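Below: one structure, written as structure tokens.
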Amino acid sequence: MDHKGAGAIKGGCMTKTGLMLVMPALMASMALAGDPPSIEQGKDLLNSPKLGTDGKSCATCHSGVKKLEKAATYDEGQLGDIINQCIENPLKGNALDPASRDMRSLIIYFKSFTKTL
Ligand code: HEC
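First residue of the sequence shown? That's 139 in this note's numbering, and the numbers climb one at a time after it.
Listed below in structure tokens is the structure:
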């Protein structure tokens with residue numbers, strides 16, 4: 139008798155929340171595919187006041203990637219949530235669609251920090 143396999147299939151804690159947030163938006167973005175997101179655009183956005191309504195930019199607080207040291211360690215869903223919190227609170231702007239080009243660019247820009255920090 140061999141009961142070895144029995145315990146192997148438990149657990150499996152998935153991060154469903156992230157997926158549920160991203161999926162509908164992902165489909166929406168495929169419908170309006172335009173220019174691809176880019177690190178360059180992410181960098182521009184960080185320095186631009188256009189994400190907010192109070193004249194501040196992300197760089198007001200994150201100039202020279204300050205306080206972004208951990209950014210690349212989050213998964214994309216978490217990063218999207220954090221970015222939107224920073225847009226809605228300090229910048230008084232409107233949260234970005236997780237699949238929008240702006241959000242994708244910010245995410246790939248922050249993800250690129252793994253290599254440099
Ligand atoms: C008023 C200041 C302020 C502004 C403006 C601001 N942030 Fe933040 N942000 C913070 C603070 C404070 C934290 C928390 C940092 C920490 O815990 O080390 C943070 C954390 C983050 C993180 C998580 C990084 C990490 O290492 O934990 C990301 C990503 C981020 N902000 C993105 C943005 C983006 C994108 C914008 C512009 C849309 C922005 N922030 C604008 C203050 C700001």
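Note that the Cβ used here is the ideal one computed from N, Cα and C, for glycine as well.
These figures come from a predicted structure and were not determined experimentally.
Exercise. Ends of the alpha helix (DSSP H) at Lys204?
Worked result: That residue, Lys204, is in no alpha helix (DSSP H); it is neither H nor E in DSSP.
Exercise. Is there contact between the region 210-221 and the region 173-186, where contact requires at least three CB pairs shorter than 8 Å?
Worked result: By the Cβ rule, the region 210-221 does not count as touching the region 173-186, because fewer than three pairs are nearer than 8 Å.
Problem set entry | Member of Ala209, Glu207 and Leu229 whose CA lies at the smallest distance from the CA of Leu189 | Of Ala209, Glu207 and Leu229, the residue nearest in Cα terms is Leu229.
For this session: Please report how far the alpha carbon of Cys196 lies from the alpha carbon of Leu206, in whole angstroms.
Result: Cys196 and Leu206 have their C-alpha atoms spaced approximately 11 Å apart.
Problem set entry | Backbone CA spacing between Ser250 and Ala209 [nearest angstrom] | Rounded to whole angstroms, the separation of the alpha carbons of Ala209 and Ser250 is 9 Å.
For this session: Excluding the 5 residues preceding and the 5 following Lys194 in the sequence, name in chain order all residues of the same chain whose CB lies nearer than 7 Å to its CB.
Result: When the five nearest sequence neighbours on each side are left out, the beta carbons in the same chain lying within less than 7 Å of the beta carbon of Lys194 are those of Pro187, Pro228 and Leu229, in order along the chain.
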